[in-house]
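Contents: one structure, followed by commentary.
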Amino acid sequence: MTNTTAYTDLETFTHRELFVKIWRSPRRVFRYMHQRGIDDFVQTLLLLAGIFNAFDRAIEKNLGDSMSLLSVIGFSVFGGALLGWISYYLYAALLSWTGKWIGGRSSSKELVRVLAYGMLPAITALVFLILQIAIYGEAVFQEDLDLTKGSSFDKVIYYTSVFCEIVLSIWSFVLILIGISEVQNVGLFEAFLNLILPIFIVLLPILLISVLYSAIL
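As numbered in the numbering used here, residues 15 to 231 make up the sequence shown, in order.
Pasting the structure below:
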């Protein structure tokens, strides 16, 4: 079969189908986007993914202890969108570079596409974060979150939303793993290595500098 024939026989998806079918048929969707070079909504998804990550860090760092609710939201929305957008492009560049070590040949642009669409479940989790803020306000971002202040129904909503956030975040990781495997044309294990290698590339120099600094002192 020639490349032209393979391209012609490739199944097609509408924009709506891309967002729906990626949840249960990620490899098919990533293959289609990769071969057709579909980049629609990538920038928007990257911005939203950055916002999600910023809110997640705000909760982890208990920013509500030192900032007002509006400040946390403003920082997460605007700062998260900008810094997240930049960080995803940097990460994609590292994925492209380290991917060559495991036999991958994808460009950073192709990998950014995977990251953007793979984060769709996590982005959806923003809905559940809004529910948490609606119930507990700035306490969501504080260390001493007191769940006893809410009603039993509020507690059910809170714990259910937290559970859904965790599940959606895990599914985003799975989608990205499958997407990397597809566009790099490698197995899932190699794709996993590709995902973690950039982390070591960044952390190793920091660790070495820390060790040398401690030795000098």
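For each residue, glycine too, the CB sits at the ideal point set by N, CA and C.
As the crow flies, the alpha-carbon of S120 is around 23 Å from that of P135. A straight line joining the alpha-carbon of R38 with that of F187 spans about 14 Å.
It is roughly 23 Å from the alpha-carbon of L182 to the alpha-carbon of F89. Three or more Cβ pairs drawn from the region 77 to 87 and the region 148 to 155 lie within less than 8 Å of each other, which places the two stretches in contact. For W37, no alpha helix (DSSP H) encloses it, and the DSSP letter there is neither H nor E. Rounded to whole angstroms, L145 and L226 show a C-alpha spacing of 47 Å. With fewer than 16 other CB atoms across the displayed protein chains lying within 10 angstroms of its CB, V170 is exposed. Around F155, the same chain offers A72, I73, N76, L77, G78, V86 as residues with beta carbons nearer than 7 Å, after the five sequence neighbours per side are excluded.
Membership of F69 in the alpha helix (DSSP H) is indicated by the continuous run 56 to 74.
Boundaries of the alpha helix (DSSP H) harbouring W99: 94 to 113, taken from the DSSP string. Residues H48, V197 of the same chain have their beta carbon placed closer than 7 Å to that of E124, with the five preceding and five following residues left out of the count. By the neighbour-count criterion, in which 16 or more other beta carbons inside 10 Å mark a residue as buried, G94 falls on the buried side. M133 and S165 have their C-alpha atoms spaced approximately 32 Å apart.
If only uninterrupted alpha helix (DSSP H) runs of at least 4 residues are considered, those enclosed by the region 158 to 222 are 166 to 198. Rounded to whole angstroms, the separation of the alpha carbons of A130 and A106 is 10 Å.
Bounds of the alpha helix (DSSP H) holding G88 are 83 to 88. In the three-state reduction of the DSSP assignment, T26 falls in the coil class, being assigned neither a helical nor a strand state. By the CB criterion at 9 Å, A205 and I215 fall outside the cutoff. Your pair L108 and P212 checks out as a contact, with CB atoms roughly 4 Å apart and the cut at 8 Å. Shown here for V43: same chain residues with a beta carbon closer than 7 Å to its own, the five before and five after excluded, namely F27, L32, K35, I36 in chain order.
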